[in-house]
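Peer 1: The numbering of the sequence shown is the numbering used here, which starts it at 43 and goes up by one.
Note that beta-carbon positions come from the ideal geometry of N, C-alpha and C, so glycine has one too.
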Amino acid sequence: MFDLTNKVAVVTGGASGIGLAVVERFVKAGACVLLVDRNIAKIEGAVFHQADVSAEDEVRGMLEQAKSEFGRVDILINNAGIQPLGVSFNELTPQLLQRTFEVNVHSVAFGIKHGGQLLESGGRIINTGSFVGMIGSPSGTAYSTSKAAVIHLTKLGAIELAAKGITVNCVCPGTVLTPAVTDIPNNPEISFVSKATPLGRLAWPDEIAAAFHFLASDDASYITGANIPVDGGITAGWNEYPLTSPNNIVGGHWHD
Ligand SMILES: NC(=O)c1ccc[n+]([C@@H]2O[C@H](COP(=O)([O-])OP(=O)(O)OC[C@H]3O[C@@H](n4cnc5c(N)ncnc54)[C@H](O)[C@@H]3O)[C@@H](O)[C@H]2O)c1
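Printed below as a string of structure tokens:
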């Protein structure tokens, strides 16, 4: 268990799913945690702050709140997000694209901006991307594109904040058993992605939180600008690809 004693962390989207698992881990590791969400939540050991992270002033406000509550901020987890999947180009509207980018991209961009101004030197900013921000997925017009932007913002943030001693990284989960996925009745994503994933199953939220925990720790001091897939291997490639060897291979040897 990586020790986070004396560290102050702000975790957005901390009321549910991956964010909640991060909050629980960080509290156990000794951090002071400001749990930020638009939905009210009570988690033992964490201080709750209500905010909508799509608004720049609320992003700044949550960091200032953590500073006034705990005296400093060391770790910012930009995790809150919405997942409007299943939208093809035909169904795409300006409102859907705009709201997805406000929640998923503005939150991260302004988190990096204000985190860069308010975090201590040695600080950590860790963003939540998605495997569908790394590879093409049908009907991900708004969502997948927003997550591709998160991966790129991570790189730009890492370059710019390096001079302040702040690292910026991204964790890209595969499909995770959180309410965003399990609350959809008969969600076909569950069986499809389980089958397509080399490890043959979806992730538990704490398996994703473990990567955040490592990146937030002192042991990750030389990692910045990285995107770490925690996806059971789904971005490594297909897990089924039926092929027949050509006739040139005889007894395990290649014959020209
Ligand atoms: N579950 C998955 O399969 C999966 C896979 C890849 C990436 N992700 C990403 O992980 C992150 C967390 O997702 P999750 O599955 O835990 O979802 P979730 O719905 O369980 O939790 C998301 C939390 O974010 C909060 N939130 C949403 N919009 C907000 C806003 N504007 N301001 C403040 N809080 C807001 C919600 O209230 C909720 O508590 C998201 O960025 C999501 O896109 C999830």
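1. Could you name each continuous beta strand (DSSP E) segment of 3 residues or more that falls completely within the segment 94-176, going from the start of the chain to the end?
2. Within the same chain, show all residues whose beta-carbon is closer than 6 Å to that of Ala-251, passing over the 5 residues directly before and after it, in chain order.
3. Alpha carbon to alpha carbon, what distance is there between Val-115 and Gly-279?
4. Looking at the structure shown, is Ala-51 part of a helix, part of a strand, or coil, going by DSSP?
5. Considering only residues of the same chain and omitting the five flanking positions on each side of Gly-207, which have a CB-CB separation below 6 Å?
6. Identify, in the order they occur along the chain, each residue of the same chain with its Cβ nearer than 7 Å to the Cβ of Pro-126, setting aside the five sequence neighbours on each side.
7. Which value, in whole angstroms, describes the spacing of the CA atoms of Val-235 and Ile-119?
8. Among Phe-152, Ile-226, Ala-205, Ala-222, which residue has its Cα nearest to the Cα of Leu-195?
9. If we count the other Cβ atoms within 10 Å of its Cβ and call it buried at 16 or more, is Met-43 buried or exposed?
10. If you draw a straight line from the C-alpha of Gly-128 to the C-alpha of Met-176, how long is it?
11. Tell me which residue opens and which closes the beta strand (DSSP E) that Ala-205 is part of.
12. Kindly list the residues whose CB is nearer than 7 Å to the CB of Phe-254, restricted to its own chain and excluding five residues on each side of it in sequence; keep chain order.
13. Does any CB atom of chain D fall closer than 8 Å to the CB of Ser-181?
14. For the structure I just gave you, are there three or more beta carbon pairs, one from the segment 223-242 and one from the segment 263-274, closer than 8 Å?
Peer 2: Per the coordinate set shown:
1. Entirely contained in the segment 94-176, the beta strand (DSSP E) runs reaching 3 residues are, in chain order, 117-120, 166-170.
2. Within the same chain, Cβ atoms closer than 6 Å to the Cβ of Ala-251 are found at Ala-63, Val-64, Arg-67, the five residues on either side in sequence being excluded.
3. The straight-line gap separating the alpha-carbon atoms of Gly-279 and Val-115 is approximately 38 Å.
4. The answer is strand: DSSP assigns Ala-51 an E or B state.
5. Residues Ser-163, Gly-164 of the same chain have their beta carbon placed closer than 6 Å to that of Gly-207, with the five preceding and five following residues left out of the count.
6. Closer than 7 Å at Cβ, skipping near neighbours: Leu-138, Thr-142, Ala-184, Tyr-185.
7. Answer to the nearest angstrom: the Cα atoms are 26 Å apart.
8. Measuring from the Cα of Leu-195, the nearest candidate turns out to be Phe-152.
9. Classification of Met-43: exposed, given that the 10 Å Cβ count is below 16.
10. Answer to the nearest angstrom: the Cα atoms are 17 Å apart.
11. Here Ala-205 belongs to no beta strand (DSSP E), and DSSP marks it neither H nor E.
12. Taking C-beta separations shorter than 7 Å and ignoring five residues to either side along the sequence, the partners of Phe-254 in its chain run Val-64, Ile-119, Ile-168, Val-213, following chain order.
13. The structure shown contains no chain D, having only a single protein chain.
14. Taking one beta carbon from each stretch, the segment 223-242 and the segment 263-274 have 3 or more pairs nearer than 8 Å; the two touch.
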